[in-house]
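Below is one structure, written out as structure tokens; the observations come after it.
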Amino acid sequence: MAASVTATARLKKDYNKLLKEPVPYVRAAPLQENILEWHYIIFGAPNTPYEGGVYHGKLVFPNDFPFKPPSIYMITPSGRFQVNTRLCLSISDFHPDTWNPAWTVSTIITGLLSFMNDSAPTLGSITSSDAEKKVLARRSKAFNLKDRVFCSLFPDVVEEIRKELNEANTAEEATLKEEDDRLMSAAEPSSGLSSLVSNLIVIAGVVVLAFAVLQGLEAFDNIVLTMSFLRKYLLAAIVVCVVCTLMISYNCSCDIERGSIEVSQIQRTTAASVHVLPETFFLIAIMSSPNDSAVRAVVRDTWLRLTKKGPSVVQHIFPIGVKNMKYVFYCKSEIMRLHLEEENKIHGDIALMENLEEAYNNLAHKTLKTMEYAYQNFRFQYILKVDSDSFVRLGAIIKALKDIQHPRLYWGFLDGRAKPIRKGKWREADWVLCDRYLPYQLGGGYVLSYELVRYLAVNARLFKLYKNEDVSVGAWLAGLDIKYVHDPRFDTEWKSRGCNNEYLITHKKSTDDMRKLYNNLASLIRIVNLRVLCDKEFRIRDSYVYDWTALPSECCHRRNGTNIP
């Protein structure tokens, strides 16, 4: 989209002003081929967790700037913002109602710097510890060198970074060399060689002693027999010492060889006894009931096809409990099980769980058993638990996950102010922890890291089961040092909020809805190479950004008039 004359003139003016009056800790410049796209650098301010870091991002201006605000993105991981995600700030396109056309690029990047050093939550922000931010600050420079735009727009900064990294590498190599030299000098053979040296010393001592005695006795010419005896004694002592040395050396070498053989045997035995599990980055558990074969077919034919990544990146299962599905002739449950096994022969994605009985009031137990099954049968980094009536933009969610990954990640649409249900089929009669549910990711779909799944699987027998599976997971994980990520791109409440092209997951969709959403993406990909989910965006109910500065009961106020998905 070409910039208007007004936008071009204004952005050129702002750029000249930036060159004359630089903003502390910030650099910014437009692309040569597109003045509407600017890239900026934020240098981590002293006495903050970002100190020493270099953070790259971009501003995308509308063609009628300055009458409308820009989109703001962060590209370098910082621990403060999600990367490659539009940030919801008062100076960004999320709030056109608060935008002031008098604000310049300098104003925008100054506001961004101020917000980065703050801790207030917003759409696109994440929570992380100061230690995590410091680690990311150390990694930021090397990360930016991989970015072509960063290197072309800021060559002086690139040269500085490369020089600094080279010096650090040189110093590290020197330190490692010193350590290697020290270890090499200290690592002397301790068994055979030391025994050999000890025995040689003994030989030398015997020889010296015998030689001294021999010299003393040679003074007496009449003691010839004694001298002959001493010569024999000396020869015998030497032979004994040499034989002992050879025996000790042989025994040491045998011990070493036997040790190597034993270690090798242990390794072979261990390797043979350990079952190698299939590995993947992203495991998807699609919660499905036994008679939902038609829904499973639609899921396979729609959103599961939205990525070309292989099984090393993404795999999926449909967990289904088959307890009490006995092989009884003409029994309905027998027919159902046979159908499931036949479906699994064709697709290989049905997880038949023998220790789980399917029931609508047993969803928390099913979720827990699914986590056990995943832990016992796969090696993965993250799992997405998603309902079968949810539509997932699979490629987009994998890309987003790689940007925010954390060893104890709990990612979804978070609620901390929900009151326990006291009536109806979802009544929580046993909920006595407090007068609100503990913060939990809503059940239409959420992501857990492997560490959290392992914790759930290992301690499954200790957990109390509640009616609502998402509430149960939130309660089971409460108190752990986990990373909660609230993301409005998860449309995973009990009722969909509408349609937004930024949604990663959207819940409560019929099979016809899924086909339509998939066709929207597929047809537009072929025509204009864009991934557009909705024919037309619309909103049924407002969203919210989780407020981490408030009490959980005050966390989640829906704001009218915002562009939060």
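The opening residue of the sequence shown carries number 1 in the UniProt record's numbering; numbering runs sequentially from there.
Every residue, glycine too, gets a C-beta built ideally from N, C-alpha and C.
This one's a predicted model, so the numbers in the text were calculated from it and none came from an experiment.
- Within the model, the alpha-carbon separation for Ile284 versus Pro155 is close to 42 Å.
- Rounded to the nearest whole angstrom, the CA to CA distance from Val149 to Ile42 is 15 Å.
- By the Cβ rule, the segment 512-524 does not count as touching the segment 437-445, because fewer than three pairs are nearer than 8 Å.
- Taking the Cα of Ile398 as reference, the smallest distance to any Cα among Ala168, Trp426, Gly310 and Gly424 is reached at Gly310.
- A distance of 9 Å or more separates the beta carbons of Gln405 and Gln376.
- A distance below 6 Å between beta-carbons, with the five flanking residues on each side excluded, links Phe61 to the following residues of its chain, in chain order: Leu36 and Pro70.
- For Ala102, the secondary structure class from DSSP, reduced to helix, strand or coil, is coil.
- Note that the C-beta distance between Leu306 and Tyr518 is below 9 Å.
- Taken atom to atom, the span from the alpha-carbon of Glu358 to that of Ser289 is near 7 Å.
- Below 8 Å, too few C-beta pairs join the segment 308-323 and the segment 402-418 to call them touching: fewer than three.
- Every beta strand (DSSP E) of 3 residues or more that sits fully in the UniProt domain "UBC core" (6-156) is shown, in chain order, as 26-30, 37-43, 54-60 and 71-74.
- By the beta-carbon neighbour count (other beta carbons within 10 angstroms, threshold 16), Gln82 is buried.
- Put simply, of Asp415, Ser92 and Thr48 the residue whose alpha carbon is nearest the alpha carbon of Phe67 is Ser92.
- Of the residues assessed, Phe490 falls on the buried side of the cut-off, its CB having 16 or more other CB atoms within 10 angstroms.
- The beta carbon of Leu452 is closer than 8 Å to those of Arg408, Leu409, Tyr410, Leu477, Leu480 and Ile482 in its chain, skipping five residues each way along the sequence.
- Taking Asn563 as the centre and dropping the five residues before and after it, the same chain places the C-beta of Phe94 closer than 6 Å to its C-beta, in chain order.
- Residue Asp415 holds the alpha-carbon nearest to the alpha-carbon of Val485 among Arg427, Asp415, Leu456 and Val471.
- Between Met287 and Leu363, the C-beta spacing is below 9 Å.
- Under the three-pair Cβ rule at 8 Å, the segment 548-556 counts as touching the segment 110-127.
- According to the DSSP secondary-structure assignment, Glu279 is paired through a beta bridge with Arg379.
- In terms of Cα proximity to Ser106, the closest of Ala28, Leu340 and Asn468 is Ala28.
- Residues of the same chain with a CB within less than 7 Å of the CB of Asn501, apart from the 5 flanking positions on each side, are Val532, Leu533, Cys534 and Glu537 in chain order.
- Membership of Val447 in the beta strand (DSSP E) is indicated by the continuous run Gly445 to Ser449.
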